[in-house]
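First to last, the protein sequences are chains A and B.
Residue 16 in my numbering sits at position 16 of the first sequence; the count goes up by one each step and never skips.
Residue 145 in my numbering sits at position 32 of the second sequence; the count goes up by one each step and never skips.
All C-beta atoms, glycine included, are put in the ideal place defined by N, C-alpha and C.
All values reported here derive from a predicted model rather than from experimental measurement.
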Amino acid sequence: AQSVTQLDSQVPVFEEAPVELRCNYSSSVSVYLFWYVQYPNQGLQLLLKYLSGSTLVKGINGFEAEFNKSQTSFHLRKPSVHISDTAEYFCAVSGWNTDKLIFGTGTRLQVFP
Amino acid sequence: EPEVTQTPSHQVTQMGQEVILRCVPISNHLYFYWYRQILGQKVEFLVSFYNNEISEKSEIFDDQFSVERPDGSNFTLKIRSTKLEDSAMYFCASRARQGSNQPQHFGDGTRLSIL
């Protein structure tokens, strides 16, 4: 079975500062990793995904994430955030043997001017 | 860009009543899902559906729940006799191709409030 841990429930940051949202996973099988963003009153939008190959993946809106197998992590980063990045960010995992996504508890990114 | 659409956006129902949540997946998608998010908690998988049958379901998805694809476009979640603890945001998702490495596309959700 897979599980996901997002240690930070809230991350406050000033505009144009860099940010890292942490995600750790556990799994007994090979995993696929995803980051989704949820803006207020909206659904979940895919930011980026790691399936295989290069451990650094780039997504939409300037976000990127790095898969680290030894540390079982998939942290999300952005070098310079905007006010519009204020949202809830969810890390999710699926495995080759299951069709479902397992989500973390989410991290609320609050960007201040 | 094609979207998953869900109706209604907010549903208020008396406890014990039946409720049907509706979803229109992206048109060429073949795999369909329901998730829920209780306020302040994580998004939880409920059920996956392919080729007109359930392919996987969670412990949450008990006999009170059912899913159906009544025509070529809609995908519904029915809760037979709602309980207070069914209050949550329900998300529908769809996926184009086989393989758990393919991304799921989510709708904006239906907020279900049980009184």
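Of the residues A:Thr-72, A:Gln-10 and A:Thr-55, which one's Cα is nearest the Cα of Glu-64 (chain A)? A:Thr-55
Neighbour list for Leu-46 (chain A) in chain B, Cβ cutoff strictly below 9 Å: Pro-216, Gln-217, His-218 and Phe-219
Given that a residue counts as buried once 16 or more other Cβ atoms are within 10 Å of its Cβ, and exposed if not, what is Leu-21 (chain A)? buried
Any beta-carbon of chain A closer than 8 Å to the one on Phe-204 (chain B)? yes
With distances taken from CA atoms, which of B:Arg-224, B:Arg-135, B:Phe-158 and B:Leu-197 is nearest Phe-174 (chain B)? B:Phe-158
Please identify the residue among A:Leu-109, A:Val-13 and A:Asn-97 whose C-alpha is closest to the C-alpha of Tyr-89 (chain A). A:Leu-109
If distances are taken between C-alpha atoms only, which option among B:Leu-197, B:Thr-195 and B:Asp-221 comes closest to Pro-138 (chain B)? B:Asp-221
Could you give the distance in angstroms between the alpha-carbon of Cys-66 (chain A) and the alpha-carbon of Leu-76 (chain A)? Reading off the sequence, residue 66 (chain A) comes out as Glu, not Cys. Approximately 7 Å between the Cα atoms of the pair.
Taking 8 Å as the threshold (beta carbon to beta carbon), is Phe-103 (chain A) in contact with chain B? yes
Under three-state DSSP, which class holds Asn-68 (chain A)? strand
Can you give me the start and stop residues for the beta strand (DSSP E) that Thr-120 (chain B) sits inside? 118–120
Whole-number beta carbon distance between Lys-69 (chain A) and Val-19 (chain A), since they are thought to touch under 8 Å: So it is not a contact: roughly 23 Å between Cβ atoms.
Within the chosen definition, does the stretch 140–152 of chain B reach the stretch 180–192 of chain B through at least 3 CB pairs nearer than 8 Å? yes
Provide the residue span of the beta strand (DSSP E) that contains Ser-207 (chain B), from first to last. 201–208
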